[in-house]
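>
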Amino acid sequence: MTICRLGQQIHASLIKNGSVLDVFVFNSLLDMYCKCGQSEFAMKVFQGISEPSSTSWNIMICGFLSSGDLMSAQKLFDVMPYRDVSSWNTMLSAYAKCGELENAKRLFYEMPVRNLVSWNALIAGFSQNERFDEALSTFSEMLKAGIRPDKTTILSVVSAVSTISSPGDDVVKQVVGFARAIGSVSVLTAVLDMYAKLGRIDDARAIFDEISEKDLVSWNAMISGYSQNQKPAEAIQLFRDMQSECRVKIKADKLTMVSLISSCSQMGALALGEWVHTYIEKFGIEFDEYLAAALVDMYAKCGDLDRSRRIFQEMPRKDVALWNSMIKALAIHGEVKETLKIFAQMERNSVTPNDITFIGLLNACSHGGFAEKGLELFSLMQSQYQIVPRIEHYGCIVDLLCRAGRLTDAYDFVKKMPIKPDKVIWGALLSSCRSHQNVELAEEVARKLTELDPNHDGTYVLLSNVYASVGKWRDVKKVRDQMKAQNVQKAPGCSAVELDGVLHEFTAGDKTHPRFEEIYKAWDEIVKRIKPMGYEPDKGFSLKNLDEVDKEEALNRHSEKLALTFAFISTEHSQHKPAIKIVKNLRICGDCHTAMEFVSKLEGREIIVRDRNRFHHFKAGLCSCGGYW
DNA sequence: GTAGGGTTAG
135 MTICRLGQQI HASLIKNGSV LDVFVFNSLL DMYCKCGQSE FAMKVFQGIS EPSSTSWNIM
195 ICGFLSSGDL MSAQKLFDVM PYRDVSSWNT MLSAYAKCGE LENAKRLFYE MPVRNLVSWN
255 ALIAGFSQNE RFDEALSTFS EMLKAGIRPD KTTILSVVSA VSTISSPGDD VVKQVVGFAR
315 AIGSVSVLTA VLDMYAKLGR IDDARAIFDE ISEKDLVSWN AMISGYSQNQ KPAEAIQLFR
375 DMQSECRVKI KADKLTMVSL ISSCSQMGAL ALGEWVHTYI EKFGIEFDEY LAAALVDMYA
435 KCGDLDRSRR IFQEMPRKDV ALWNSMIKAL AIHGEVKETL KIFAQMERNS VTPNDITFIG
495 LLNACSHGGF AEKGLELFSL MQSQYQIVPR IEHYGCIVDL LCRAGRLTDA YDFVKKMPIK
555 PDKVIWGALL SSCRSHQNVE LAEEVARKLT ELDPNHDGTY VLLSNVYASV GKWRDVKKVR
615 DQMKAQNVQK APGCSAVELD GVLHEFTAGD KTHPRFEEIY KAWDEIVKRI KPMGYEPDKG
675 FSLKNLDEVD KEEALNRHSE KLALTFAFIS TEHSQHKPAI KIVKNLRICG DCHTAMEFVS
735 KLEGREIIVR DRNRFHHFKA GLCSCGGYW
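Letter by letter, the first sequence follows residues 135 to 763 of my numbering.
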């Protein structure tokens, strides 16, 4: 504003002094007024120019476009006496940016001369409006016309390729070839990001190592690449490398922080997450909605729902993603009523929910056994918000019906779905068959699952659990043999517990921990004390085809029990006994769930388990999931 | 005139 006033003063004094204003001075004035957002006034000045040059016209067109006035820009463009390439390109990119690609295309083929910028503008237009195929076909048309792509072309094309679900190998190779030939940091970073988004994290790393003069963007792209490919430990390690290698030259920013926080929430590493939060405050990193959403998610996934609530409430501006984060946070903690309250608030604030909002809401209903409410929301989302349900939403509904015990309804729903059910849907049905001991349906569903993915370990484990739950040990063995024959390995269950900021990991039957003997003995003691309270080991959850004694032994060495016992014996003698927080990579086992209820009562300690689905707060013999899990 | 990195997801 002050700069604009200064400009006005200069303009006024030019007139006062009676200076001769040639077209160059006029153009500078036009440019100044346009850039200060005064395109209306610039237009008056423009009309006073006796012989405007084509640059004057271009500046005015640009000015109208930047103030969002496409109509005025178009009118000027139409009456221009002479159009140079820049005029055409300006108009073309304006159409491209606001998504009017039919107009952009028309202009592109109408223009008498085209240059590299014209091609780039059209390609970028397609790419930014998610019309990736057209971006690529325009690119190849450009190559056929004998035009050599530059940095800008490749940046657009690379970003188009990274968003296509499965780009052809030859396309990727060709683009990477051009990028390597250009070899600038920004282009290589774009390629790195592309590989990361395609899930080719090793290729991404190879490019990263190739960049000699890495800047903040390159580091951030690689860190977020790791984080988005479920490699949180690598993300954090890379951040440490960045700090030790170039602490002076490169300073982490809010984008770095977002990836770090997301990594912490994946690991359930609260202490580390708090450290990042402190870092943000200490270095005054700008706190925006992205960061807030990431923190809300992190604190919730690390078990501190109150911190999530506070951060959410203190944010003055809340975008959809932030609302979604809070909804999801409450959902995984089973706070169904509060989830619905937040959603009502969101509607009152006129924030339009999106597809992800409803995934969170349906999830909450499913975790709380609110089947009717969930079905109601499912139809609201279609009727009121015109959201076409994706496979994820159907998955939520199946899950919802299953957990509410409506197995038949769930199966009918799957049969009537307009989309082909995927393995997640069948998986939800199958695990529900386990809790309702429905062998017949389980076998049918398992067949569907094996058709879709013959090597998925979960199918075999679930089916074997169904058989085990009804004591069909011979069938359990059959499944196990099949697994062996197919060479399917069960993903090992892994539980971690954080003590004094150090993460201790355990796998089932783990004997690698230095204190394993002590841990085993301590658990056996606990079992002796909870059995009289009514605990009965549920051997149906033991996967192995062993005799009764061994079955109980295997059950006693599940990773979550080891983690619990370790936390327990490590804090037994300390005065302050905070809740024990365990993070498990798979779903918590049913027997472990029962055992923990008893332990929380026996020891008067709060136990919090985060499994791959949700949180379980065990307190005084009860779990917050109320049996819906 | 065209331009590389971020949150939420069964």
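Here a beta-carbon is modelled for each residue, glycine too, at the ideal position from N, C-alpha and C.
In this text the structure is predicted, and so the values were computed from the model without any measurement.
Please tell me whether Val-291 and Val-325 are closer than 7 Å, where the distance is taken between their beta carbons.
No. Outside cutoff.
> DSSP beta-bridge partners for Val-120?
In the structure as shown, the chain begins at 135 and stops at 763. Residue 120 is therefore absent and cannot be evaluated.
> Locate the alpha helix (DSSP H) running through His-411, then write down its first and last residues.
Note, His-411: alpha helix (DSSP H), 404–416.
> Within the segment 163–249, note down every full alpha helix (DSSP H) run reaching 4 residues or more, in order along the chain.
Qualifying alpha helix (DSSP H) stretches, in chain order: 173–181, 188–200, 204–213, 219–231, 235–244.
> Which of the three DSSP states is assigned to Lys-645 in this structure?
Looking at Lys-645 - three-state DSSP - the assignment turns out to be coil, as it is neither helix nor strand.
> Would Met-328 be called buried (16 or more neighbouring beta carbons within 10 Å of its own) or exposed?
The residue in question, Met-328, is buried, as its Cβ has 16 or more Cβ neighbours within 10 Å.
> Is Ala-505 near Ala-538, with beta carbons less than 7 Å apart?
Yes. Within cutoff.
> Which one of Gly-468, Glu-526, Gly-502 has the shortest CA to CA distance from Thr-491?
Nearest of Gly-468, Glu-526, Gly-502 to Thr-491, Cα basis: Glu-526.
> For the alpha helix (DSSP H) containing Val-595, name the first residue and the last one.
Element bounds for Val-595: 591–603.
> Are the segment 328–347 and the segment 377–391 touching by the rule of at least three beta carbon pairs closer than 8 Å?
No contact exists between the segment 328–347 and the segment 377–391.
> With DSSP run on the structure shown, which of helix, strand or coil describes Gly-753?
The displayed chain sequence assigns Lys, not Gly, to residue 753. Three-state DSSP puts Lys-753 in a strand.
> Tell whether a beta-carbon distance below 7 Å holds between Asp-533 and Ser-500.
Yes, the Cβ-Cβ distance between Asp-533 and Ser-500 is below 7 Å.
> Ignore the nearest five residues each way along the sequence and tell me which others in Ser-341's own chain have a CB closer than 7 Å to its CB.
The sequence shown places Ile at residue 341, not Ser. Contacts found: Leu-322, Val-325, Leu-326, Tyr-329.
> Among Glu-275, Val-319, Leu-332, which one has its Cα closest to the Cα of Gly-302?
Measuring from the Cα of Gly-302, the nearest candidate turns out to be Leu-332.
> Fully enclosed by the segment 687–751, which beta strand (DSSP E) runs are 3 residues long or longer?
For the segment 687–751, whole beta strand (DSSP E) runs of length 3 or above, ordered along the chain, are 714–718, 741–744.
> For Tyr-601 versus Met-617, is the C-beta distance shorter than 7 Å?
Contact flag unset, no.
> Just the Cα atoms here: how many angstroms apart are Gly-233 and Ser-358?
Distance between the alpha carbons of Gly-233 and Ser-358 is about 29 Å.
> State the Cα-Cα distance for the pair Asn-223 and Gly-152, rounded to the nearest angstrom.
Cα-Cα distance, rounded: 36 Å.
> Could you check what DSSP says for Gly-561 in three-state terms: helix, strand or coil?
The answer is helix: DSSP assigns Gly-561 an H, G or I state.
> Quick check on the burial criterion: 16 or more other C-beta atoms within 10 angstroms. Buried or exposed for Pro-186?
Its Cβ being crowded by 16 or more others within 10 Å, Pro-186 is buried.
> CA-CA distance, Tyr-528 and Arg-248?
If I take the Cα positions, the gap works out to 49 Å.
> Shortest alpha-carbon distance to Ser-629 belongs to which of Ala-656, Phe-700, Ser-442?
Out of Ala-656, Phe-700, Ser-442, Phe-700 has the C-alpha closest to the C-alpha of Ser-629.
> First and last residue of the alpha helix (DSSP H) that includes Ala-324?
Note, Ala-324: alpha helix (DSSP H), 319–331.
> Quick one: what's got a C-beta closer than 8 Å to Val-573's C-beta in the same chain, skipping five residues either side?
Closer than 8 Å at the Cβ level, and outside the excluded window around Val-573, lie Cys-567, Val-600, Tyr-601, Val-604, Lys-606.
> Under 8 Å, with one C-beta from each stretch per pair, do the segment 645–656 and the segment 713–728 reach the 3-pair mark?
Touching, no.
> Could you give the C-beta distance for Ile-281 and Trp-253, rounded to a whole number, given that I count them as a contact under 8 Å?
Yes, Ile-281 and Trp-253 are in contact; Cβ-Cβ is about 6 Å, under 8 Å.
> Output yes or no for whether 7 Å exceeds the beta carbon distance between Ala-455 and Ala-427.
Yes.
> What number of angstroms, rounded off, separates the C-alpha of Ala-255 from the C-alpha of Gln-172?
Between Ala-255 and Gln-172, the C-alpha separation is close to 26 Å.
> Which residue wins for smallest C-alpha separation from Thr-728, given the options Gln-709, Ala-688, Met-667?
Among Gln-709, Ala-688, Met-667, the Cα nearest to that of Thr-728 is on Met-667.
> Have a look at Arg-139, Gly-437, Ala-238, Ala-338 and flag the residue whose alpha-carbon is nearest the alpha-carbon of His-751.
For His-751, the nearest C-alpha among the options comes from Gly-437.
> For Lys-715, which residues from the same chain have a beta carbon less than 6 Å from its beta carbon, with the 5 sequence-adjacent residues on both sides left out?
Here the set comprises Gly-437, Ile-742.
> Rank Tyr-229, Leu-633, Ser-397 by C-alpha distance to the C-alpha of Ser-708 and give the top, closest one.
Answer by Cα proximity: Leu-633.
> Is DSSP giving His-570 helix, strand or coil here?
Three-state result, His-570: coil.
> Going by DSSP, what residue range makes up the alpha helix (DSSP H) through Thr-486?
Taken as a continuous stretch (DSSP letters only), Thr-486 belongs to no alpha helix (DSSP H), as it is neither H nor E.
> Alpha helix (DSSP H) containing Gly-359: first to last residue?
Unbroken alpha helix (DSSP H) run through Gly-359: 350–362.
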